[in-house]
Amino acid sequence: MIDDCKLIKKGLLMSSTTSSPSSKASQLSEGNSKVKVSKTSPDPYTFIECERPLPVFKNYETEKACPEQWNDWKWQFRNRITSLESLREYMPVTPEEEKAFQAAGKNLPFAVTPYYLDLINPFNAQDPIRKTVIPRLAEFMTAAHESIDPLGEDADMPVPGLVHRYPDRVLFLINETCSVYCRYCTRSRVVGSGEHRVEYEAIYDYLRKTPAVRDVLISGGDPLVMADHKLESVIQNLRAIPHLDIIRIGTKMPVVLPQRVTDDLLAMLKRYHPFYMSIHFLHPDEITPEVEDACNRIADAGIPMFSQTVLLKGVNDHPETMKELMLKLLKIRVKPYYIYQCDPVQGTSHFRTRVKTGMDIMEHLRGHITGYGIPTYVIDAPGGGGKIPVAPNYLLNYGNGKATLRNFENNVYEYFDA
Ligand code: SF4
């Protein structure tokens, strides 16, 4: 049940009060007057001149930002919605969501960019994107087998900020800040906590002394919330280590803040090839023209992109939803890479599907869309066993010189082994 509406959706009058986009944004402009927007974070101080404020939200009638501001990633970042009060200015909040905010305490913080919030239908409490970013009471329940660090990452840190689990690759948890906080986050113990430690020099030193490592995945938090020059300084240090062949970034920014994909960022990243990007997508609704443009420009910069998708109940657990997402990813030149079973992180049982749901999705994909569009469905083994692929069984029998196989239509074939 949605509370009384206090905003005007385009073409749909819900009350006599026009909402402002946020308490910060509401200070930005009045009518059509010229506005200066200060941007002290995360980059040095700059201005954007806003000559003609225009409605730039799709779902909210407001003149509190102009296209120049809307398209500026630092404006988006500075104007993130981070409290119940500012969220109420945009959308009706359900009683359950209200209680979840009040119970939040020291839990995972709340933040969402204006851009990403605008993808949510404010009048649909079951909107899939809404479920992933707005707190709900179920977050405060801990189910059996859940823990704050289900993958045992903290135990695999030789240096604060660096997880070394697989022989030839490491995970560099560069920061704890994201532009949007996902309610199912595996690293909810870290993100936004203010307690994450990263010992940069010790990390570079460890990597220099560990020649078995060929591949660094920079993640967090989200590395792309950092200013270009800060990120470049880290990448430069990594590139100076001769045995590091590949550098990857794990990010959700091209999805939740596609404005971050600036020409300057791409020009910088291009200098450090071979460079790859793992991008966190959830739902076909995320593939907007803005995201398409961002991904096409990343591809044009020669950076291969791979998707990572967490399987979430009520969000993307229908086979057709996942199929649509994979097909849309291919169209924007992102290779579907992983579907993850939702990790047993404390307070996420309401998101977790049965493993069979994931298997059914894979069955629905294989043979029905091009193999390019088929990700690997994995369960990240609790306790630190790493990613284990899980797939429907197409090998029905193997032995006595033959393999008995079934195809995607359940027709059975025999292959005679050499
Ligand atoms: S962007 Fe990634 S690290 Fe940040 S909250 Fe979402 S899942 Fe967690």
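My numbering numbers the first residue of the sequence shown as -13 and each following residue consecutively. A virtual CB, placed ideally from N, CA and C, is assigned to each residue, including glycine.
Task: beta-carbon G206 near the ligand SF4 non-hydrogen atom, thresh 8 Å - done: Result yes, Cβ under 8 Å from the ligand SF4.
TODO: Output the residue ranges of the alpha helix (DSSP H) runs that lie fully inside the segment 210 to 241 and measure 4 residues or longer, sorted by chain position.
DONE: Within the segment 210 to 241, the complete alpha helix (DSSP H) runs of at least 4 residues are 214 to 225.
Open item on the list: Is H266 near the ligand SF4 - that is, is its Cβ less than 8 Å away from at least one heavy atom of it?
Closed with: Answer for H266: yes, Cβ within range of the ligand SF4.
TODO: Would you mind listing the beta strand (DSSP E) stretches within the segment 95 to 150 that are 3+ residues and don't spill past its ends, in chain order?
DONE: Runs of the beta strand (DSSP E) inside the segment 95 to 150: none found.
Open item on the list: I'd like to know whether the C-beta atoms of L94 and V177 end up nearer to each other than 9 Å.
Closed with: Yes, the pair counts as a contact, with Cβ atoms nearer than the cut-off.
Open item on the list: If you measure between the beta carbons of F96 and A89, is that distance less than 9 Å?
Closed with: No, the pair does not count as a contact, with Cβ atoms beyond the cut-off.
Task: Rounded straight-line distance, which links the Cα of S165 to that of V211 - done: In this structure, the CA atom of V211 is about 7 Å from the CA atom of S165.
Task: Range of the contiguous alpha helix (DSSP H) that encloses A188 - done: Per DSSP, A188 belongs to the alpha helix (DSSP H) from 186 to 194.
- [ ] Could you have a look at R352 and say whether DSSP puts it in helix, strand or coil?
- [x] R352: strand per DSSP, three-state reduction.
Open item on the list: Quick check: Y262 and M291, are their CB atoms within less than 9 Å of each other?
Closed with: Cβ atoms of Y262 and M291: closer than 9 Å.
Task: Nearest-angstrom beta carbon gap, N282 and R234 [assumed within contact, 8 Å] - done: With a Cβ gap of about 20 Å, R234 and N282 do not count as contacting.
Open item on the list: Let's test the definition: count the other Cβ atoms within 10 Å of the Cβ of S174 and tell me whether it reaches 16, buried, or not, exposed.
Closed with: Here S174 is buried, its C-beta having at least 16 other C-beta atoms within 10 Å.
- [ ] Specify the secondary structure class of D(-11) as computed by DSSP and reduced to three states.
- [x] Low local confidence applies: a pLDDT of 32 at D(-11) is under 50, so the model's placement there is unreliable, with the coordinate-based value given in what follows. The answer is coil: DSSP assigns D(-11) none of H, G, I, E or B.
- [ ] Please list, in chain order, all residues of the same chain as G344 whose beta carbon is under 7 Å from its beta carbon, the five residues on each side excluded.
- [x] Within the same chain, Cβ atoms closer than 7 Å to the Cβ of G344 are found at L297, I325, Q327, Y363, V376, the five residues on either side in sequence being excluded.
- [ ] Run the proximity test for Y399: is its beta-carbon closer than 8 Å to any non-hydrogen atom belonging to the ligand SF4?
- [x] Every heavy atom of the ligand SF4 is 8 Å or more from the Cβ of Y399, so no.
- [ ] Write down the C-beta distance between K117 and G300 rounded to the nearest angstrom, noting that I regard them as a contact closer than 8 Å.
- [x] The beta-carbon separation of K117 and G300, rounded to 6 Å, stays under the 8 Å limit for a contact.
Open item on the list: With a threshold of 8 Å (Cβ to nearest heavy atom), would K373 be considered close to the ligand SF4?
Closed with: False, no ligand heavy atom lies under 8 Å from that Cβ.
Task: K433, DSSP secondary structure in three states - done: What is shown of the chain runs -13 to 404, which leaves residue 433 out entirely.
Task: Alpha-carbon to alpha-carbon, P368 and G138 - done: Approximately 7 Å between the Cα atoms of the pair.
Open item on the list: At a threshold of 8 Å, does C328 count as lining the ligand SF4 (C-beta to nearest heavy atom)?
Closed with: In this structure, C328 has its CB at a distance of at least 8 Å from all heavy atoms of the ligand SF4.
Open item on the list: Assuming contact is defined by CB atoms lying nearer than 9 Å, are R155 and D142 in contact in what I supplied?
Closed with: Judged by their CB atoms, R155 and D142 are not nearer to each other than the 9 Å cut-off.
Open item on the list: Beta-carbon within less than 7 Å of A285's beta-carbon, same chain only, minus the 5 sequence neighbours each way: which residues are those?
Closed with: The beta carbon of A285 lies closer than 7 Å to those of M291, R319 in the same chain, with the five residues before and after it left out.
Open item on the list: Assuming Q327 is part of the beta strand (DSSP E), what are its boundary residues?
Closed with: Bounds of the beta strand (DSSP E) holding Q327 are 320 to 327.
Open item on the list: Considering just the uninterrupted stretch of the alpha helix (DSSP H) at Q245, what are its terminal residues?
Closed with: From DSSP, Q245 is part of no alpha helix (DSSP H); its letter is neither H nor E.
TODO: Let me know if Y170 comes out buried or exposed under the rule of 16 or more other beta-carbons within 10 Å of its beta-carbon.
DONE: The residue is buried, with at least 16 neighbouring Cβ atoms inside 10 Å.
Open item on the list: On the DSSP letters alone, give me the boundaries of the alpha helix (DSSP H) that L311 sits inside.
Closed with: 305 to 317 is the span of the alpha helix (DSSP H), which, as asked, contains L311.
Open item on the list: Rounded to the nearest angstrom, what separates I335 and G147 at their Cα positions?
Closed with: Here residue 335 turns out to be Ser, not Ile, going by the sequence shown. For S335 and G147, the gap between their C-alpha atoms comes out near 27 Å.
TODO: Determine whether the Cβ of T68 lies closer than 9 Å to any Cβ atom of chain D.
DONE: Judged by its chain identifiers, the structure shown contains no chain D, having just a single protein chain.
Open item on the list: Which of the three DSSP states is assigned to R155 in this structure?
Closed with: Annotated three-state conformation of R155 is strand, per DSSP.
- [ ] Flag this pair as yes or no: are the beta carbons of L311 and I265 separated by less than 9 Å?
- [x] In this structure, I265 does not lie closer than 9 Å to L311 by Cβ.
Open item on the list: Within a Cβ cutoff of 8 Å, which residues of the same chain sit near K321, ignoring the five residues on either side of it in sequence?
Closed with: Counting only Cβ-Cβ distances below 8 Å, and skipping sequence neighbours, we find P290, M291, F292, S293, L315, Y358.
- [ ] Would you check whether the ligand SF4 has a heavy atom nearer than 8 Å to the C-beta of Y170?
- [x] Within 8 Å of the C-beta of Y170 there is at least one heavy atom belonging to the ligand SF4.
Open item on the list: Let me check understanding here. Comparing Cα to Cα, which of Q245, M239, R257 lies closest to L224?
Closed with: Residue R257 is the option with its Cα nearest to L224.
Open item on the list: Restricting to Cα atoms, I'd like to know which of N107, N302, R352 is closest to F267.
Closed with: Checking every option, the nearest Cα to that of F267 belongs to N302.
Task: One or two residues paired with D271 in a DSSP bridge - done: The partner list for D271 (beta bridge, DSSP) is empty, contrary to what the question assumes.
- [ ] Helix, strand or coil for K299, going by three-state DSSP, please let me know.
- [x] In this structure, K299 counts as coil in the three-state DSSP scheme.
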